[in-house]
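A.B. asks: Here it is, the structure in full.
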Amino acid sequence: MKNDELLLEGLTHRQLTPQDIPAMMEMQDKVLAALPDPSWYYPAEEWEFVMATEAGEAYGYFQGDTLVAYAEMSPGEKRGEHSYAAKLGHPAQQTYDFHDVMVAPEMRRRGIHSAFLRRFEKLARENGAHTIYATVDPGNGPSYRNFERAGYVVECTIPAYDGRLRRFYRLDL
Numbered sequence: 009m010k011n012d013e014l015l016l017e018g019l020t021h022r023q024l025t026p027q028d029i030p031a032m033m034e035m036q037d038k039v040l041a042a043l044p045d046p047s048w049y050y051p052a053e054e055w056e057f058v059m060a061t062e063a064g065e066a067y068g069y070f071q072g073d074t075l076v077a078y079a080e081m082s083p084g085e086k087r088g089e090h091s092y093a094a095k096l097g098h099p100a101q102q103t104y105d106f107h108d109v110m111v112a113p114e115m116r117r118r119g120i121h122s123a124f125l126r127r128f129e130k131l132a133r134e135n136g137a138h139t140i141y142a143t144v145d146p147g148n149g150p151s152y153r154n155f156e157r158a159g160y161v162v163e164c165t166i167p168a169y170d171g172r173l174r175r176f177y178r179l180d181l
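Going by my numbering, the sequence shown opens with residue 9, and the numbers climb by one from there.
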């Protein structure tokens, strides 16, 4: 068994559904309250979780029945002008946006974020994508180091969302 599989021992992974939205909202509040700087993360609204779960774009890790981590990956062409590729002036076709990753504070340093990165890369490749994009706050070292270890590179750092700076990362497949 690989080292990363040992780190995730005791957790199950599955696609999230609209029934998981209350747990997603609760986790978002918990994670935001525990961040050293809440501006690191631009919170999602409930309607965004509804759209992601109904579209089959949200995935979670569970310890028993408790959601301990979730992340979303959406096709760029579906997000249109809101896709990270489009924001960078690239075509959104055959790209994905990795977004809204949350790991419960007590579950950090177990490789969950990295496991999402691997799963989403595999999924994107299987679906014929050529690039995955993500954004990370420049001060959020734990997150951006995970992306960089997974092979993502910084394309630029520009204002996003409500004007806060974000590093735009890309992984060419």
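A virtual CB, placed ideally from N, CA and C, is assigned to each residue, including glycine.
For a minimum of 4 consecutive residues, which ranges assigned as the alpha helix (DSSP H) are wholly contained in the stretch 126 to 153?
C.D. replies: DSSP runs (the alpha helix (DSSP H)) wholly in the stretch 126 to 153: none.
A.B. asks: Is there contact between the stretch 80 to 91 and the stretch 32 to 39, where contact requires at least three CB pairs shorter than 8 Å?
C.D. replies: Taking 8 Å as the limit for Cβ pairs, the verdict is that the stretch 32 to 39 does not touch the stretch 80 to 91.
A.B. asks: Please determine, among L40, Q23, A132 and D73, the residue with the shortest C-alpha to C-alpha distance to V111.
C.D. replies: As a first step, residue 111 must be located in the sequence shown, where it is residue number 103. For V111, the nearest C-alpha among the options comes from L40.
A.B. asks: Cβ atoms of Y67 and L24: under 8 Å apart, would you say?
C.D. replies: The residue you call residue 24 lines up with position 16 of the sequence shown. The residue you call residue 67 lines up with position 59 of the sequence shown. Their beta carbons are under 8 Å apart, which means L24 touches Y67 by this criterion.
A.B. asks: Could you tell me how far apart the beta carbons of I120 and F128 are, in whole angstroms, since I believe they sit closer than 8 Å?
C.D. replies: In the sequence shown, residue 120 corresponds to position 112, counting from 1. In the sequence shown, residue 128 corresponds to position 120, counting from 1. No, I120 and F128 are not in contact; Cβ-Cβ is about 13 Å, not under 8 Å.
A.B. asks: Just to confirm the assignment: which complete alpha helix (DSSP H) runs, minimum length 4, are found wholly within the stretch 15 to 87?
C.D. replies: Entirely contained in the stretch 15 to 87, the alpha helix (DSSP H) runs reaching 4 residues are, in chain order, 29 to 42, 54 to 62 and 84 to 87.
A.B. asks: Tell me which residue opens and which closes the alpha helix (DSSP H) that A93 is part of.
C.D. replies: Numbered from its first residue, the sequence shown carries residue 93 at position 85. It spans Y92 to K95 - the alpha helix (DSSP H) in which A93 sits, taken as one unbroken run.
A.B. asks: Grab the span of the beta strand (DSSP E) containing A168 for me, first residue to last.
C.D. replies: Along the sequence shown, one-based indexing puts residue 168 at 160. First-last of the beta strand (DSSP E) with A168: V161 to A168.
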